[in-house]
Ligand SMILES: Nc1ncnc2c1ncn2[C@@H]1O[C@H](COP(=O)(O)OP(=O)(O)OP(=O)(O)O)[C@@H](O)[C@H]1O
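Numbering (the UniProt record's numbering), first residue to last: 1 to 330.
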């Protein structure tokens, strides 16, 4: 029987012949610290592929190797058929990169940020002039063309960074934490832009520690922790494989969760129980049945009456918790 890691690796690698990204045994060591510990990836054309994991999981380090801006310690890597360490310029010509931190020229207008960036690629002004207008429209920033970047909102800046990364019409767009720090509305606008890019056939690879972002956007993803792939697949398959259909979240009150979980483990038909400092998560096919069981046990005095009880669908957050015993966002 294959180990969990072997299974994860097989699924991550997929079966498609043509890969936009192919990585085998990718490693990055900083002295004695192993930030990325042997990652295999196959990203196929036109898909949105995610790296989901908490802070410090090694997602940005992996992205930097994919973008060819950080040398790998070991492993094989091919981006659109080319090893970025052998021919970085050839890879970068077809690659767009959205870094974790916005690095716009704050003193320049939105339009000039696009024009200047395009000049770094050696693109002629005759191409860049209409292209910048098209990109501003795509980023819903046409009315901000002459506004300095430092006067834009966080969501607008993020959209401008994405527009800038599209100046060379890349086949592959790498996005490191595209919506971290944005409010819900700004995130939704950004997700919509990324959908549109995918519809146009651009391959997207993104890192995130938001499970809703991964569920909304990603066709396939890997769950990363401690520099390793813990699991891989479509969001639905990961939830099916590792969690259950529904979850009941119960708060029994401080210091009472562990004792209640003991009783629930023994006396309900729950698939799995996870105990967090502030709540107990009960996994099963029917959360309402679990809730009835908890109510009956509380009425019989076997557990404390819950302070709150919430039923919901299982998510990638649950997958991460079950795989690692920790939550994605601490
Ligand atoms: N230049 C460096 N030197 C030493 N350690 C580093 C360096 N860059 C990253 N690390 C460490 O490698 C680990 C992985 O970092 P990385 O930035 O890839 O994580 P991440 O999953 O992207 O999380 P985050 O969302 O916080 O950026 C962390 O423990 C980080 O401290």
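Yeah, the Cβ is synthetic: ideal placement off N, Cα and C, and Gly gets one too.
For the candidate residues the options, whose alpha-carbon lies nearest to that of residue i?
{"i": "residue 244", "options": "254, 208 and 290", "result": "290"}
{"i": "residue 139", "options": "95, 105, 186 and 120", "result": "186"}
{"i": "residue 283", "options": "293, 247 and 258", "result": "247"}
{"i": "residue 231", "options": "86, 34, 30 and 318", "result": "318"}
{"i": "residue 132", "options": "157, 228, 144 and 167", "result": "167"}
{"i": "residue 304", "options": "101, 84, 260 and 327", "result": "260"}
{"i": "residue 74", "options": "31, 49, 24 and 202", "result": "24"}
{"i": "residue 182", "options": "207, 171, 193 and 154", "result": "154"}
{"i": "residue 213", "options": "227, 106, 316 and 92", "result": "316"}
{"i": "residue 208", "options": "28, 99 and 298", "result": "99"}
{"i": "residue 26", "options": "83, 325 and 119", "result": "83"}
{"i": "residue 281", "options": "327, 298 and 236", "result": "327"}
{"i": "residue 47", "options": "198, 295 and 194", "result": "198"}
{"i": "residue 55", "options": "226, 217, 130 and 67", "result": "226"}
{"i": "residue 67", "options": "273, 91 and 272", "result": "91"}
{"i": "residue 323", "options": "79, 30 and 272", "result": "272"}
{"i": "residue 191", "options": "176, 216, 180 and 211", "result": "216"}
{"i": "residue 101", "options": "180, 203 and 299", "result": "180"}
{"i": "residue 176", "options": "65, 321 and 301", "result": "65"}
May I ask which residues mark the beginning and end of the alpha helix (DSSP H) holding residue i?
{"i": "residue 118", "result": "110 to 120"}
{"i": "residue 22", "result": "First-last for residue 22: 21 to 30, but that is the beta strand (DSSP E), not the alpha helix (DSSP H)."}
{"i": "residue 230", "result": "Careful: residue 230 lies outside any alpha helix (DSSP H), inside the beta strand (DSSP E) at 228 to 233."}
{"i": "residue 92", "result": "88 to 92"}
{"i": "residue 100", "result": "Per DSSP, residue 100 belongs to no alpha helix (DSSP H) and is neither H nor E."}
{"i": "residue 73", "result": "Neither: residue 73 is in no alpha helix (DSSP H) and is coded neither H nor E."}
{"i": "residue 321", "result": "316 to 324"}
{"i": "residue 62", "result": "59 to 66"}
{"i": "residue 206", "result": "Counting along the chain, residue 206 falls outside any alpha helix (DSSP H), though it belongs to the beta strand (DSSP E) covering 203 to 208."}
Near residue i, which residues of its chain fall below 8 Å by C-beta distance, leaving aside the five closest residues on each side in sequence?
{"i": "residue 14", "result": "Below a pLDDT of 50, predicted positions are generally treated as unreliable, and residue 14, at 37, falls in that range; the measurement from the model is reported next regardless. Within the same chain, residue 14 has close Cβ partners 42, 44 and 220."}
{"i": "residue 224", "result": "39, 51, 52, 53, 57, 58, 59, 62 and 230"}
{"i": "residue 287", "result": "246, 247, 248, 311 and 312"}
{"i": "residue 307", "result": "251, 252 and 253"}
{"i": "residue 32", "result": "none"}
{"i": "residue 189", "result": "140, 155 and 159"}
{"i": "residue 294", "result": "248, 250, 264, 268, 282, 303, 306 and 309"}
Heavy atom of ligand 1 less than 7 Å from the Cβ of residue i, yes or no?
{"i": "residue 56", "result": "yes"}
{"i": "residue 209", "result": "yes"}
{"i": "residue 125", "result": "no"}
{"i": "residue 100", "result": "yes"}
{"i": "residue 53", "result": "yes"}
{"i": "residue 117", "result": "no"}
{"i": "residue 177", "result": "yes"}
{"i": "residue 61", "result": "yes"}
{"i": "residue 340", "result": "Nothing about residue 340 can be read from this structure; the chain reaches only from 1 to 330."}
{"i": "residue 121", "result": "no"}
{"i": "residue 33", "result": "yes"}
Can you list, in chain order, the residues of its chain with a C-beta nearer than 7 Å to that of residue i? Leave out the 5 residues immediately preceding and following it.
{"i": "residue 160", "result": "104, 110, 113, 139, 141, 149 and 152"}
{"i": "residue 275", "result": "257, 258 and 261"}
{"i": "residue 278", "result": "251"}
{"i": "residue 234", "result": "219 and 220"}
{"i": "residue 145", "result": "109, 110, 111 and 136"}
{"i": "residue 314", "result": "239, 243, 244, 245, 246, 247 and 283"}
{"i": "residue 165", "result": "96, 97, 98 and 173"}
Excluding sequence positions up to five away, which residues of its chain have a Cβ less than 6 Å from the Cβ of residue i?
{"i": "residue 184", "result": "none"}
{"i": "residue 9", "result": "Confidence at residue 9 is low in this model, with a pLDDT of 37, below 50, so its placement is unreliable and no value can be given for it."}
{"i": "residue 95", "result": "170 and 172"}
{"i": "residue 106", "result": "149 and 150"}
{"i": "residue 325", "result": "none"}
{"i": "residue 6", "result": "In this prediction, residue 6 has a pLDDT of 38, which is less than 50 and means its spatial position is unreliable; what the coordinates show is noted afterwards. Taken in chain order, the list of residues that qualify is empty."}
{"i": "residue 76", "result": "24"}
{"i": "residue 22", "result": "42 and 78"}
{"i": "residue 1", "result": "Per-residue confidence for residue 1 stands at a pLDDT of 33, beneath the threshold of 50, marking its modelled position as unreliable; the derived number appears in the next sentence. So no residue of the chain qualifies."}
Please list the terminal residues of the continuous beta strand (DSSP E) segment that includes residue i.
{"i": "residue 125", "result": "First-last for residue 125: 125 to 138, but that is the alpha helix (DSSP H), not the beta strand (DSSP E)."}
{"i": "residue 37", "result": "33 to 43"}
{"i": "residue 220", "result": "220 to 225"}
{"i": "residue 286", "result": "Segment: none, residue 286 is in no beta strand (DSSP E) and carries neither H nor E."}
{"i": "residue 309", "result": "308 to 313"}
{"i": "residue 194", "result": "That residue, residue 194, is in no beta strand (DSSP E); its alpha helix (DSSP H) goes 184 to 199."}
{"i": "residue 217", "result": "Counting along the chain, residue 217 falls outside any beta strand (DSSP E), though it belongs to the alpha helix (DSSP H) covering 211 to 217."}
{"i": "residue 50", "result": "48 to 52"}
| task | May I have a chain-ordered list of the alpha helix (DSSP H) segments no shorter than 4 residues that lie completely inside the segment 149 to 177? | result | If we require 4 residues or more, the alpha helix (DSSP H) runs fully inside the segment 149 to 177 come out as 154 to 165.
| field | Complete runs of the beta strand (DSSP E) confined to the segment 245 to 283 [at least 3 residues] | value | Counting only runs of 3 or more, we get 246 to 251 and 272 to 275.
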